[in-house]
Amino acid sequence: MADPKRPSECTDMSEVRAEIDRIDAALVDLIAERFGYVERAWQLKKDPSEASVPWRIQQVIDKVKTQARQRGLPAEMIEMVGAQWRNMIGWFVQYEEEKLRKLEASSGGPRK
Ligand SMILES: C=C(O[C@@H]1C=C(C(=O)O)C=C[C@H]1O)C(=O)O
Numbered sequence: 001m002a003d004p005k006r007p008s009e010c011t012d013m014s015e016v017r018a019e020i021d022r023i024d025a026a027l028v029d030l031i032a033e034r035f036g037y038v039e040r041a042w043q044l045k046k047d048p049s050e051a052s053v054p055w056r057i058q059q060v061i062d063k064v065k066t067q068a069r070q071r072g073l074p075a076e077m078i079e080m081v082g083a084q085w086r087n088m089i090g091w092f093v094q095y096e097e098e099k100l101r102k103l104e105a106s107s108g109g110p111r112k
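The sequence shown runs 1 to 112 under UniProt numbering.
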């Protein structure tokens, strides 16, 4: 595969789109990798009430927004990044909750 091109090196829309496709594929890989740790997280928790950890959710969102700020993204985009993370984490929390509920039901009570 050709070397990645910097934005200023792209001379037509097919080159721009090829780079966007490359970045999107990398983002999906990273989300899948992140999901692997969420999968491990619920296995290390004891019951569904542990799925949502508000202080940690806030910490994660603060960190990504700080990084977005440091990268010089526009203010509205920083808010968008925070909202996307909140949305993604919301899904992960639901996933963990469901797994822990099923585990609780199948084992006849919370894990000791
Ligand atoms: C991964 C965890 O489980 C949940 C998912 C989080 C995430 O996706 O970053 C953060 C907090 C938890 O509500 C955790 O407790 O750290």
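For glycine and all other residues, C-beta sits at the position ideal for the given N, C-alpha and C.
Because the structure is a prediction, the values reported are computed rather than measured.
Can you determine whether any heavy atom of ligand 1 sits closer than 7 angstroms to the C-beta of residue i, and answer yes or no?
{"i": "residue 56", "result": "yes"}
{"i": "residue 98", "result": "no"}
{"i": "residue 52", "result": "yes"}
Under the assumption that residue i contacts residue j (Cβ atoms under 8 angstroms), give the Cβ distance between them as a whole number of angstroms.
{"i": "residue 81", "j": "residue 68", "result": "5 angstroms"}
{"i": "residue 100", "j": "residue 42", "result": "6 angstroms"}
{"i": "residue 79", "j": "residue 48", "result": "Going by Cβ atoms, the distance from residue 79 to residue 48 rounds to 30 angstroms, so no, they are not a contact pair."}
Using only CA atoms, which one of the options lies nearest to residue i?
{"i": "residue 90", "options": "6, 16, 57", "result": "57"}
{"i": "residue 87", "options": "61, 40, 103, 33", "result": "61"}
{"i": "residue 38", "options": "51, 28, 107", "result": "51"}
{"i": "residue 20", "options": "93, 4, 102", "result": "4"}
{"i": "residue 84", "options": "12, 26, 31, 16", "result": "31"}
{"i": "residue 105", "options": "73, 46, 13", "result": "46"}
{"i": "residue 95", "options": "11, 14, 36, 70", "result": "36"}
DSSP state of residue i, grouped into three classes?
{"i": "residue 30", "result": "helix"}
{"i": "residue 66", "result": "helix"}
{"i": "residue 46", "result": "coil"}
{"i": "residue 2", "result": "coil"}
{"i": "residue 53", "result": "coil"}
{"i": "residue 72", "result": "coil"}
{"i": "residue 82", "result": "helix"}
{"i": "residue 21", "result": "helix"}
Does residue i have its Cβ less than 8 angstroms from a Cβ in chain D?
{"i": "residue 68", "result": "Of the protein chains in the structure, only one exists, and it is not chain D."}
Should residue i be counted as a contact of ligand 3 given a C-beta to heavy atom distance under 7 angstroms?
{"i": "residue 78", "result": "In the structure shown, ligand 3 is absent; the only ligands present are ligand 1."}
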